[in-house]
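K.L.:
Numbering (our numbering), first residue to last: 638 to 1040.
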């Protein structure tokens, strides 16, 4: 390799190293995706709130729910009163889950929901409606609570807020606990922007229990918990009764990890999951140890082909094309005499009467037949030229003798 090539390769390697170092050292962009899971430390995760729950509810046993509402309600002890907290941007509750949740509250338990929407069946049953005022640019929303104890306290939200609020509630069973104040944009230039105040935090009775609902889940995220709005969260949770057991929903989350593998059912069942892992491990061990002890495949070696016939055919074809019958007959004669010497152990230097008698006795042939063959051979040896007919006739006599 010449000096120039070495320099080019070195420069290329240097550029690659610089790019790798730059990518590693470059700060990662902030992930503003709404997650609300207990393990996510991104701005709109709920890591901070989840870890502060023992402080907010010191007398409660906190249980993290990693399954659907229907499954939890089927397994829980219905004699133990509890609270159930749901926080997500949108909580999707089907009809069966809604019925289970209504029965849960009707028995005297409390459900805390913070979401911009949570499904038509529950909204329709509680006789409430929700709406959001989206602005083209982010503005500041102010949250406050109606209780006299919290009078005068304001909590500002500046990012990721959809200005969600309640447009109608069932006044006979519902108490408004808080409001959201924001600037509403008017897209017609001749109309100025207006500041509106709407209810965003309510408490509605159902049977023996209550639904406490907030339409501003962003207030419970890491971003605002660390921005000085932790008191707002504590104030809103103060409306929950001290039942002793608190369920934290970590299933109906936008950031929940979902297994999309066809093996998802097997992997969600402990017995099947361990059986699957042990089976895979057993197969790997079998392949590993069996492969070491298995004899290598012996390659098939093709035997050498007998080309004598092809060679004879090629030589015969050559003589046939040249029509050199004399030379061909002389070679056939020499091969035949060599055959007699090797097979019957006789002297063929003198083809006389004694040779005829010995050959006839050893070959088991008639003396007259052997005599005719020897005489024909002598006639061929005495001829100076031969024809094709001579070659054919000689070949017939040789074949007749060998039969």
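The C-beta atom is built at its ideal place from N, Cα and C for all residues, glycine as well.
Keep in mind it's a predicted model, so treat the numbers as computed, not measured.
I want to know whether the region 804–819 touches the region 760–769 - three or more CB-CB distances under 8 Å.
P.N.:
yes
K.L.:
For residue 907, which of helix, strand or coil comes out of DSSP?
P.N.:
helix
K.L.:
If distances are taken between C-alpha atoms only, which option among 937, 949, 722, 782 comes closest to residue 606?
P.N.:
A question about residue 606 goes unanswered here, because the residues of the chain that appear run from 638 up to 1040.
K.L.:
Output needed for residue 754: all residues of its chain with C-beta closer than 7 Å, excluding positions within five of it in sequence on either side, in chain order.
P.N.:
Taken in chain order, the residues that qualify are 727, 767.
K.L.:
According to DSSP, is residue 855 part of a helix, a strand, or is it coil?
P.N.:
helix
K.L.:
Taking the C-alpha atoms as reference points, what is the distance between residue 652 and residue 663?
P.N.:
Approximately 16 Å between the Cα atoms of the pair.
K.L.:
Could you give the distance in angstroms between the alpha-carbon of residue 679 and the alpha-carbon of residue 688?
P.N.:
14 Å
K.L.:
Are at least three pairs of beta-carbons, each pair with one atom in the region 964–974 and one in the region 1016–1025, less than 8 Å apart?
P.N.:
yes
K.L.:
So what does DSSP say about residue 831, is it helix, strand or coil?
P.N.:
In the structure shown, residue 831 sits in a strand (DSSP, three-state: E or B).
K.L.:
Do the region 772–779 and the region 741–751 make contact, defined as three or more Cβ pairs closer than 8 Å?
P.N.:
Under the Cβ criterion (8 Å, minimum of three pairs), the region 772–779 does not count as touching the region 741–751.
K.L.:
Would you tell me roughly how many angstroms separate the C-alpha atoms of residue 962 and residue 980, rounded to the nearest one?
P.N.:
26 Å
K.L.:
Which residues in the same chain as residue 874 place their Cβ atom closer than 7 Å to its Cβ, once the five residues preceding and following it in sequence are excluded?
P.N.:
693
K.L.:
Would you check if the distance between the CB atom of residue 792 and the CB atom of residue 780 is smaller than 7 Å?
P.N.:
yes
K.L.:
Where does the unbroken beta strand (DSSP E) through residue 793 begin, and where does it stop?
P.N.:
792–794
K.L.:
Please return the same chain residues whose Cβ sits closer than 8 Å to the Cβ of residue 1015, not counting the five positions on each side in sequence.
P.N.:
988
K.L.:
Can you tell me whether DSSP reads residue 954 as helix, strand or coil?
P.N.:
helix
K.L.:
Return yes when the Cβ of residue 843 is within less than 7 Å of the Cβ of residue 742, no when it is not.
P.N.:
For residue 742 and residue 843, yes; Cβs fall inside 7 Å.
K.L.:
So for residue 844, helix, strand or coil by DSSP?
P.N.:
coil
K.L.:
Can you tell me whether residue 870 is buried or exposed, with buried defined as 16 or more other CB within 10 angstroms of its CB?
P.N.:
Residue 870 should be labelled buried.
K.L.:
The alpha helix (DSSP H) with residue 1009 in it runs from where to where?
P.N.:
1004–1019
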